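This report refers to the structure that appears directly beneath it.
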Amino acid sequence: MKVVRTDNAPAAIGPYSQGIVVNGMLFASGQIALDPASGEMVGTTIQEQTEQVMKNVTGLLEAAGTDLSHVVKTTCFLDDINDFVAFNEVYARYFDENLPARSAVGVEALPKGALVEVEVIAYVGSEPSTRFNIAESF
2 MKVVRTDNAP AAIGPYSQGI VVNGMLFASG QIALDPASGE MVGTTIQEQT EQVMKNVTGL
62 LEAAGTDLSH VVKTTCFLDD INDFVAFNEV YARYFDENLP ARSAVGVEAL PKGALVEVEV
122 IAYVGSEPST RFNIAESF
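Count along the sequence shown from 1, add 1, and you get the number used in my numbering.
Structure, rendered in structure tokens:
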């Protein structure tokens with residue numbers, strides 16, 4: 002297990018790691034729109050905050066030795082589900098045609114008054130095997 006730490010994403014604001022790599026998979030903590038250098042919230046609109054969140058996600062991925070093309074799953078939290086379309090407009094620019102699996106959840110509130118939080122799971126290094134035989138699992 003490897004703990005991921007970087008100055009290119011906000012420091013943890015609680016008792017957790019920015020990310021953990023285990024068995025070639027990065028499990029990244031949720032990113033909100035904090036500027037990594039100042040610790041201040043960036044932007045007041047869902048678009049501005051999503052842009053900063055995705056920059057933070059990218060910084061964390063790079064620190065783990067991977068990138069957005071290796072993301073297999075995201076979980077996205079919106080403090081107002083009515084921002085879903087505007088969020089998607091920014092989010093979609095960061096991924097190619099091989100979109101990761103995703104869950105999007107409307108929540109009552111997020112830390113520091115954030116409008117959006119995104120967590121990712123990504124593989125590090127070469128792509129895991131794409132062949133899976135259920136019979137071999139038993």
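Glycine included, C-beta positions come from ideal geometry on N, C-alpha and C.
Keep in mind the model is a prediction, meaning the values are calculated, not measured.
In the same chain as V72, and ignoring 5 residues on each side of it, the C-beta atoms closer than 6 Å to its own belong to P101, V121, A123, in chain order. Shown here, V86 sits in a helix according to DSSP, grouped into three states. C-alpha of F28 to C-alpha of I47: approximately 24 Å in a straight line. Excluding five sequence positions before and after G126, the CB atoms of its chain that fall closer than 6 Å to its own CB belong to G25, given in chain order. Under the three-state reduction of DSSP, T59 is assigned to helix. Secondary structure at T7: coil, using DSSP grouped into helix, strand and coil. The segment 17-80 contains, as complete beta strand (DSSP E) runs of 3+ residues, the segments 20-23, 26-29, 72-79 (chain order). In this model, T76 and F85 are separated by some 13 Å (Cα to Cα).
Counting other Cβ atoms within 10 Å of its Cβ, S104 stays below 16 and is therefore classed as exposed.
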